[in-house]
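One structure is given here, and the rest of the page talks about it.
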Amino acid sequence: MKGKGTVMMALAAVLCLVLAGSVQAQAPAAKNVVIGFTASQTGKLNVEGMRQINGLNLWMERVNAAGGVKLADGSVVKFTSKFYDDESNKGRVQEFYTKLINDDKANFLVSPYSSGLTDAAAVIAQQNNRIMITAGAASDSTYKKGFTLVYQTYTPASRYLTGAVDILAKLDPKAKKIAIVHEKDKFSTDVVNDLKQYAEGKGYQIVLFEGYDAGTTDFAPFINKFPKDVDAIMGGGHFADTSTFAKQLHEKGIKPTVVALLVAPPEPKFAELGEAAVGIIGASQWEPAAKYSPEAAKAKNLEWFGPTVAEFVEAYTKKFNEEPSYHSAGGFVAGLLIEKAIAKAGSIDTEKVKAALDAMDIMTFYGHLKFDNTPAAHGLQVGHDMIYIQWQKDPKGALVKEVVWPEEAKTKDVIPMPKKK
Amino acid sequence: MKALQRFGFWLPVLFILIWGLYILTVRQDSAREQAFTLLMFVGLASSLNILLGYTGYVSFGHIVFFGLGGYSGFYFLSAHNLPLLLSALLGGVVSAILAGLIGLAVLRLRGAYFALATIGVNEAARAFVSNFEPFGGATGLFVNYSVYQGFGGPGPALWRTFIYLWLIVLITVIISYVIKNSRFGLGLLAIREDEDAAMVMGVKAPRAKTLAFMFSAFFPGVIGTLYFFKNGNVEPGDAFSLHMSIEMLVMVMLGGMGTVFGPVIGAVAYQGLRGFLLTSPLFKNLHLAIAGVFLLLIVLFVPAGAIGWLRERFLKLRKVLE
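So the protein lines, in turn, are chains L and H.
FYI, my numbering numbers position 132 of the first sequence as 135, with every residue one higher than the one before it.
FYI, my numbering numbers position 244 of the second sequence as 595, with every residue one higher than the one before it.
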C-alpha cells in the first residue's frame, strides 16, 4: 500500500506541475520591441545626433520603468534599442538599416539626423514594411516622395520661418520689405524658398534673395545691398555663419523691425554675442520654456499624452547634466509616438500601428502632433508649430531667451529690434 | 587572348565573380547591402588605380567623376526617365568626357602641383553643382519612390542595382588588367618611372595620360549613378566628399599601387574593417582610432601594399599576382 501511495503522490505532484505550467502558459509573456536607428555619433552632426539618442534613451527608460505598453491580447511590450554610427554620412545608412531590420530584428525605426540620410533609410524601411519616425529630417521633399510608412516629428522646412512673417505683421502692420540671405545648403535653401513664397503670398516684397556658401565669414557684400528702409531680414544657415551674420548686422547698425535667423539663435551660446544678440528672433522646434500643458490641450480639444514639460526637463537634466535642446526633445518624442501608436493599436503589427499614427492628433510636452495622411504628402507633420524665441534684456540688463511665438506657448511679448543709440 | 591563360587575370576576376554569385545565391538583404558597399569601393579604387597606379599621378579629385558622372546619370534618370543602366552608362560617358577636358589642363602639371590642382577641381565641381539649377542647386535631385515600383518594388530594384554594380566592377577589373598588359599600359608604366625618358622613347605622354584619365573616370560615373539611384537622392555634399577621395587613395596604397588585384584587396580589407568596427559592440565607439592605428602600421611596415609586398617577398608569386 505504501508503494501505491507514493505513486499517487507522485502523480498528484506531476499533475500540479502540469497545471501550474498550463496556467503560466496562459499568461502572455512580455514581448520585446526593438527600436533600430543609426545616429551621428561622429562627424559633423554628432552634437545633434547624440542629444537625439539621449532623448530616445530617456523615453525608453521611462516607459520600461512604468511597466511597458499593454497590448489588446493582454501581453506587455517593453523596449530595447539597437543603433550604429552612420558617421553623419550617407555611405552606409542603407547597409545599417538593412542590418537593423534583418539581423537585429528591429520592429520600429527612428530616422538618422538629416534629410539626405533619412531619404536613403526610408527606402529600406519601405522595402521591409517597417514604420520609421523621423527626427531631424525637416525637408518637405522626404514626405512628398510617396513613402507610406515615414512619419515626421519636426515642423517641416516649409513652415520653419513663416512664423517670422506673422511676427512682422503683428509688430508692424505697415511693413512691406523683406530681405532674405541664406546659406546654400539643402536645409536652408528649402526653408527660404518656402518662406519667400509665403511672404509674397501675404503681399510682402522680397527686396533681396541671395545665398552664400558654407563657411562664409564676410557678409558685407550682402549687408551693403540692403535697402535703408528694409523691414525685416531673414535667413541664415548654421551656427557659425549665422552668428557672424548677426554680429556684422549689429556692427553695421542695421536694425530693421525683425531679424529672424535659422539654427543659431536658440543655442545658449548665441548669448556670447552680447548686444548683437538683442532682439534677434530664432526658430526652434521646442524650448524648455515652452508652455504646452494638459490645460492647453484641453482648450484645443486635444488629448494630452506623456510627461509635462517640467517633468521632461527635470528628468533629462538630472540624467544628462545639461538642459535638453530640441534635438533631445525630438528623440524623446519619436519614442513617445511609437508608444502611443502601439497602445492605441493594441498591437505591434505594422498595419495597425500605421493606422493609429495616421489617425493621431495629440498634444505632448513637445506640442501638437498630427500627420498628413493624404498620398501627396503622407507622414508630413501638420500639427506641430515652430516656437520662436527672442533674445531680450531682463530688468537687470542680462540677456534672456524668451519664447515669443506662438501665443499659446509664449513667455513674453515679442518686441521690435531696438534701434542703435 | 593570352590573358585568359594567366592566373593573374583569373584571380581578381574569379574573386569578384564568385563573390557576386554567392550573394545572388544566398539572397540575403544584409549580405547584399554589405557587398554593395564593398564592391562600390572595389570599383572606385580599381578605377583610380588606372591613373594612380599605372601613371603615378596622385589625384585627390577622383571623387569628382563619381559626383559629376553620378549627378549626370541621376539627372537623365530623374528628369528624362531614361532606364537605369542607360543613365548609368551615360553618366560614365559624361565623366570620361569631362576627364578628357580637365586632363588637357591639369595633366600638364606634375607631382605635388597636379595633386593640388585636383583638390581645386573637386571644390570647383562642388561649387558648380551647388549653383547649377538643372541639378537642383544646393538641394540636389531626388527620385520619387514610385520609380522603384517600375522594378517591382524597392526590393527587386535594389537587387537589380546590385547586379549592375557587380557587373560594372567586374568590367573595371578586366579593363584594369587589359590596360596594364597592353602596349598602352606599358607606356603608362614608363611615364610613371620617368616621364621625360618615356617621351624620348616614343611614348606620346600627353595623349596616353589623358586616355588613362578618361578610362579611370568612366567607371566612377557609372558607379555614382547606381549609388545615388539606390539612395533615391543626391546632394552636393555627398557627391563631392574629399574624405572619400582620400579613402580611395588609402585603399589603392593598402592593396598595392599599380597591381590589378591590389586595389580589390585594399578596398575589401579597408572597408570591411571599417564596417566591422562600426557594427562591433566592442569597438563601435573606438572605430576611428583603431582604423587609424591599423593604417599607420601598414604604411610604416608595408608601404608597397599587400600585393606589392607579396610580389617583392616571394618572386614566384609575381607570375600569379598581377
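Just so you know, even glycine gets a beta-carbon here, dropped at the ideal spot from N, CA and C.
No experiment lies behind these values; they were computed from the predicted model shown.
Chain L contact residues for H/Val356, given Cβ-Cβ distances below 9 Å: At residue 356 of chain H the sequence reads Gln, which differs from the Val that was named. By Cβ distance, chain L contributes nothing, its closest Cβ being about 38 Å from H/Gln356, past 9 Å.
The beta strand (DSSP E) enclosing L/Gln405, as first and last residue numbers: The question names Gln, but residue 405 of chain L in the sequence shown is Glu. Its beta strand (DSSP E) spans residues Leu402 to Trp408.
Within chain L, partners of H/Leu495 - CB distance below 9 Å: It should be pointed out that residue 495 of chain H corresponds to Asn in this sequence rather than to Leu. Per Cβ cutoff of 9 Å: Lys147, Lys148 and Gly149.
Residues bridged to H/Ser410 [DSSP beta-bridge criterion]: Answer by DSSP bridge pairing: none, since H/Ser410 is not bridged.
Test item: CB-CB of L/Val417 and L/Ile284 under 9 Å: Between L/Val417 and L/Ile284, the C-beta spacing is below 9 Å.
Proximal residues, the segment 338 to 364 of chain L versus chain H, C-beta separation under 7 Å: none
N-terminal and C-terminal residue of the beta strand (DSSP E) that L/Glu213 is part of: Gln208 to Tyr215
Residues, ordered as in the chain, of the segment 90 to 104 of chain L that lie near chain H by beta-carbon distance below 9 Å: Glu90, Asn92, Lys93, Gly94, Arg95, Val96, Gln97, Glu98, Phe99, Tyr100, Thr101, Lys102 and Ile104
Residue range of the unbroken beta strand (DSSP E) whose run includes L/Val113: It spans Phe111 to Val113 - the beta strand (DSSP E) in which L/Val113 sits, taken as one unbroken run.
Proximity test, Cβ basis, 9 Å: L/Gly206 and chain H: no
L/Val180, DSSP secondary structure in three states: It is worth fixing the name first, because residue 180 of chain L is Lys in this sequence and not Val. Correct three-state label for L/Lys180: strand.
Alpha-carbon to alpha-carbon, L/Pro269 and L/Val406: 10 Å
Euclidean distance between Cα positions of H/Thr576 and L/Tyr87: 26 Å
Min CB distance H/Glu384 to chain L below 9 Å: yes
Cα-Cα separation between H/Leu668 and H/Phe360, rounded to whole angstroms: Spanning the two alpha carbons is a distance of roughly 13 Å.
Residue range of the beta strand (DSSP E) that includes L/His371: Gly370 to Lys373
Proximal residues to L/Gln44 (C-beta, below 7 Å), its chain only, five neighbours per side dropped: Gly52, Met53 and Asp88
Below-9 Å beta-carbon distance, H/Ala396 vs any chain L residue: Interface criterion not met: the Cβ of H/Ala396 is under 9 Å from no Cβ in chain L.
Where H/Ala548 falls, given that 16 or more other Cβ within 10 Å makes a residue buried: exposed
Test: H/Met595 CB closer than 9 Å to a CB of chain L: yes
Neighbouring residues, chain L, relative to H/Glu586 (Cβ below 8 Å): Gly119 and Lys189
Min CB distance H/Pro571 to chain L below 9 Å: no
Beta carbon of L/Met63 nearer than 9 Å to that of L/Ser78: no
Separation of L/Leu174 from L/Lys231, as counted between CA atoms: Cα to Cα, the separation comes out at about 19 Å.
Identified DSSP bridge partners for L/Met420: The partner list for L/Met420 (beta bridge, DSSP) is empty, contrary to what the question assumes.
Cβ neighbours of L/Lys34 in the same chain (closer than 8 Å, five flanking residues each side left out): Leu74, Ser78, Val79, Val80, Lys81 and Ile351
Under 9 Å (Cβ pairs) to chain L, residues found in the segment 630 to 661 of chain H: Thr630, Lys635, Asn636, His638 and Leu639
H/Phe665 in three-state terms, based on DSSP: coil
Closer than 8 Å at the beta carbon, the chain L residues around H/Pro485: Going along chain L, no residue has its Cβ under 8 Å from H/Pro485, so there is no contact; the nearest lies around 15 Å.
Euclidean distance between Cα positions of H/Thr523 and L/Glu98: 23 Å
Cβ of L/Gln384 within 9 Å of any chain H Cβ: no
Within-9 Å CB hit, H/Tyr621 to chain L: no
Neighbouring residues, chain H, relative to L/Val417 (Cβ below 7 Å): Result: empty, since nearest Cβ-Cβ is about 30 Å, beyond 7 Å.
DSSP state of L/Met237 mapped onto helix, strand, coil: strand
Chain L contact residues for H/Lys581, given Cβ-Cβ distances below 7 Å: Gln97
8 Å Cβ shell around H/Leu628 - same chain, five flanking residues per side excluded: Phe634, Lys635, Leu637, His638, Ile641 and Ala642
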